[in-house]
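Engineer: In my numbering, the protein residues as written are 501 to 1043.
For glycine and all other residues, C-beta sits at the position ideal for the given N, C-alpha and C.
The structure's right below; bear with me while I get my questions together.
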Ligand code: FAD
Ligand code: NA7
């Protein structure tokens, strides 16, 4: 028998060693005592934070809200170590590594192991899982593949001619020294903005090849005071309790009922200025007024404020013009640590590839339509992800009667709560399609608690499986679509709906439940409290 034929029996196989996989493992071992294993194709744990090692990688959730929730001891141990408002990528990676040791789970991680297929065996009511390293048989399959984990590497015609180095920000090599290099960056989303702001400090020359300008506001990163850190430590449980009363859970004040047009123009300017000075993407969108992301006129007021700031900061008027967004201010909001300012540096250039497209790649660089050859040593693709369902599409997952997940999602990715899919018994996703659009660590905490509780109902019944009813899946998709009705977010080309990948977006796609964390908790708790009415429990007859 070859290595690849070996089959390991476990109660639960978890795929993905990011926050979601780690938290699932913790729940299933500590709460349910299951024999569970996590596989990941990465050589280390951390998921997003294992892969995204580009210079400048930073959370844009405030540090006290970017920790695994519902784990008081671990939370209190770490929250005071993160002394600034946002956390650097390497610190998050270290924290997740520490969490694994803190709970003594290290030997349950099988790394450098890629999921190839998972097939539900109806006779045995178990999942047969194939990886590049061998097989597993598991009663429960939990996929925590990440919603921003499959890289988007666009097919730029002729790129193979380029002889310099090409790197995607989500696969950043340890040995890369950017000092004095001529760097070209394609992509100016959250990642591109963070990366360019950092790279501009050391690059010989940095050229941003920008397709769509984006709104970004100052991050307002700063050191926390001792009092603030003590407060975060002492109030962690209140914070978790707060999730059921808030919409997005980024640790900001979400209480305002003030409308943008309900105040005078002077007052509006003052409030936006206050948010700009304080910093923070969600401070700007959600602490200022209650309608910035939902009302078109309000949104335009916020957009205009940022446009005026760009004109004020960027010295060259033509560069300022190119950096000025025209879309509604309705992608996932982003923040920066001096992004617009870098375009005043002599070593930074902006090329609008909307106005002056890339014509070809040569051995030494990029030629634009105007005939300019931009000589480049390093090409950085900050081109984002095939998000949400992207990492599921490359794996062959088959449920009841051999139906593949890809086919099941042929007209739209669908699930209930972002967790379960009809026809796929005893399979649970963490942050799957149509989960909540919120700060993600609390969502991971809520979903993994829910998964653990659902599994607990059948754990002690041999051969039992729990499976979502098809009508419940349709209903949840409709709930997600209804919550989106009239949303300005639908009008931008972002990853939220898959519009960033040519041809991907399907008409019925919701991808997220935007009705708020409070509502999500109410609905998911009700489902569990009522004994899972949307689910069927099958019990295998004894032989
Ligand atoms: P991931 O961390 O993406 O982990 C998924 C894992 O699954 C990966 O390690 C991957 O290798 C593995 N995997 C996938 N497919 C397979 C396969 N077939 N076989 C084996 N292994 C597989 N969210 C916020 O809420 N706030 C933030 O500030 C924030 N900042 C971010 C910054 C960046 C640069 C990025 C990219 C994302 C950010 N996010 C942020 C989103 C972030 O992804 C989540 O916060 C969280 O880390 C997701 O954890 P996860 O475990 O669900 O997925
Ligand atoms: P994003 O936000 O999807 O940004 C990707 C960027 O790459 C964006 O500027 C895109 O331009 C650009 N892009 C993508 N494909 C191309 C092609 N083919 N040509 C030119 N430019 C392209 O990804 P990020 O990694 O920045 O952020 C993802 C999330 O991670 C973020 O929301 C945070 O939650 C963390 P476009 O705007 O599509 O014209």
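Jot down the residue ranges of each uninterrupted alpha helix (DSSP H) in the region 563 to 644, minimum 4 residues, whole runs only, in chain order.
Structural biologist: 572 to 579 and 589 to 602
Engineer: Going by beta carbon distance, what residues of the same chain come within less than 8 Å of residue 664, once the five residues before and after it are set aside?
Structural biologist: For the purposes of this step, residue 664 is taken as the residue at position 164 of the chain shown. Hits under 8 Å: 864, 865, 876, 877, 878 and 879.
Engineer: Give the DSSP-derived three-state secondary structure of residue 906 in the structure shown.
Structural biologist: Taking the first residue of the chain shown as position 1, residue 906 is located at position 406. Helix, per DSSP.
Engineer: Quick check on the DSSP output: what are the complete alpha helix (DSSP H) runs of length 4 or more inside the region 819 to 892, in order along the chain?
Structural biologist: 839 to 842
Engineer: By a C-beta neighbour count over all protein chains shown, 10 Å radius and 16 as the cutoff for buried, is residue 572 buried or exposed?
Structural biologist: Taking the first residue of the chain shown as position 1, residue 572 is located at position 72. It counts as exposed.
Engineer: Distance, Cα to Cα, residue 622 vs residue 941?
Structural biologist: Taking the first residue of the chain shown as 1, we reach residue 622 at position 122. Taking the first residue of the chain shown as 1, we reach residue 941 at position 441. Rounded to whole angstroms, residue 622 to residue 941 spans 34 Å at the Cα level.
Engineer: By the three-class DSSP mapping on this structure, what secondary structure does residue 1012 have?
Structural biologist: Reading the chain shown from its first residue, position 512 is the one you call residue 1012. Residue state, collapsed to three classes: strand.
Engineer: What number of angstroms, rounded off, separates the C-alpha of residue 958 from the C-alpha of residue 751?
Structural biologist: Start at 1 with the first residue of the chain shown, and residue 958 comes out as number 458. Start at 1 with the first residue of the chain shown, and residue 751 comes out as number 251. The C-alpha of residue 958 lies about 36 Å from the C-alpha of residue 751.
Engineer: Reducing DSSP to helix, strand and coil, say where residue 965 ends up.
Structural biologist: For this step, residue 965 is matched to residue 465 along the chain shown. Here residue 965 sits in strand by DSSP.
Engineer: Kindly indicate the opening and closing residues of the beta strand (DSSP E) around residue 682.
Structural biologist: Start at 1 with the first residue of the chain shown, and residue 682 comes out as number 182. Here the beta strand (DSSP E) through residue 682 covers 682 to 686.
Engineer: Hey, out of 1029, 1004, 905 and 862, whose CA is closest to residue 662's CA?
Structural biologist: Within the chain shown, numbered from 1, the residue matching residue 662 stands at position 162. It is 862.
Engineer: Applying the criterion that 16 or more other CB atoms from any shown protein chain within 10 Å of the CB defines a buried residue, is residue 809 buried or exposed?
Structural biologist: To locate residue 809, count along the chain shown from 1; it is residue 309. Buried is the call here.
Engineer: What's the C-alpha gap between residue 561 and residue 1040?
Structural biologist: Working through the chain shown from its first residue, we reach residue 561 at position 61. Working through the chain shown from its first residue, we reach residue 1040 at position 540. Those two C-alpha atoms are separated by around 45 Å.
Engineer: Note down the Cα distance separating residue 501 from residue 633, rounded to an integer number of angstroms.
Structural biologist: Residue numbering aside, residue 501 sits at position 1 when the chain shown is read from its first letter. Residue numbering aside, residue 633 sits at position 133 when the chain shown is read from its first letter. Note that residue 501 scores a pLDDT of 40, beneath 50, so its modelled location is shaky; the value from the coordinates is reported in the next line. Annotation: residue 501 to residue 633 spans about 13 Å, alpha carbon to alpha carbon.
Engineer: What are the boundary residues of the alpha helix (DSSP H) that includes residue 742?
Structural biologist: Counting from 1 along the chain shown, the entry for residue 742 is found at position 242. Unbroken alpha helix (DSSP H) run through residue 742: 736 to 742.
Engineer: Against chain B, with Cβ distances strictly below 8 Å, would residue 775 count as a contact?
Structural biologist: No chain B appears in this structure, which consists of one protein chain only.
Engineer: Just tell me which of 972, 868 and 902 has its CA closest to the CA of residue 495.
Structural biologist: No answer is possible for residue 495: the residues shown for the chain start at 501 and end at 1043.
Engineer: Residue 888 and residue 644 look like a contact to me (Cβ under 8 Å); what is the Cβ gap, rounded to whole Å?
Structural biologist: The residue you call residue 888 lines up with position 388 of the chain shown. The residue you call residue 644 lines up with position 144 of the chain shown. Contact doesn't hold; Cβ gap of about 13 Å is too wide.
Engineer: Drop a sphere of 10 angstroms on the beta-carbon of residue 692, count the other beta-carbons inside from all chains shown, and report buried for 16 or more, exposed for fewer.
Structural biologist: Mapped onto the chain shown, residue 692 falls at position 192. Counting Cβ neighbours within 10 Å, residue 692 comes out buried, since at least 16 surround it.
Engineer: Can you give the beta carbon distance from residue 694 to residue 836, rounded, assuming they're within the 8 Å contact cut?
Structural biologist: What you label residue 694 is simply residue 194 of the chain shown in a count that begins at 1. What you label residue 836 is simply residue 336 of the chain shown in a count that begins at 1. Going by Cβ atoms, the distance from residue 694 to residue 836 rounds to 7 Å, so yes, they are a contact pair.
Engineer: Going by DSSP, which residues form a beta bridge with residue 558?
Structural biologist: Here residue 558 refers to the residue found at position 58 of the chain shown. 588, per the DSSP bridge assignment.
Engineer: Check whether the Cβ atoms of residue 980 and residue 928 sit closer than 8 Å, and answer yes or no.
Structural biologist: Here residue 980 corresponds to residue number 480 of the chain shown, with the count starting at 1. Here residue 928 corresponds to residue number 428 of the chain shown, with the count starting at 1. Cβ distance not < 8 Å, so residue 980 and residue 928 don't count as in contact.
Engineer: For the region 704 to 716 against the region 754 to 772, do three or more pairs of beta-carbon atoms, one drawn from each stretch, fall closer than 8 Å, so that the two count as touching?
Structural biologist: no
Engineer: Does the ligand FAD have a heavy atom nearer than 7 Å to the CB of residue 541?
Structural biologist: The residue you call residue 541 lines up with position 41 of the chain shown. Within the cutoff, so yes.
Engineer: Could you spell out the range, first to last residue, of the alpha helix (DSSP H) harbouring residue 693?
Structural biologist: Residue numbering aside, residue 693 sits at position 193 when the chain shown is read from its first letter. Where residue 693 is concerned, the enclosing alpha helix (DSSP H) stretches over 690 to 699.
Engineer: Can you name the residues that DSSP bridges to residue 708?
Structural biologist: For the purposes of this step, residue 708 is taken as residue 208 along the chain shown, with counting starting at 1. For residue 708, which the question treats as bridged, DSSP gives the partners 685 and 850.
Engineer: Where does residue 789 fall in DSSP's three states?
Structural biologist: Along the chain shown, read from residue 1 onward, the residue named residue 789 stands at position 289. If DSSP states are grouped into helix, strand and coil, residue 789 belongs with coil.
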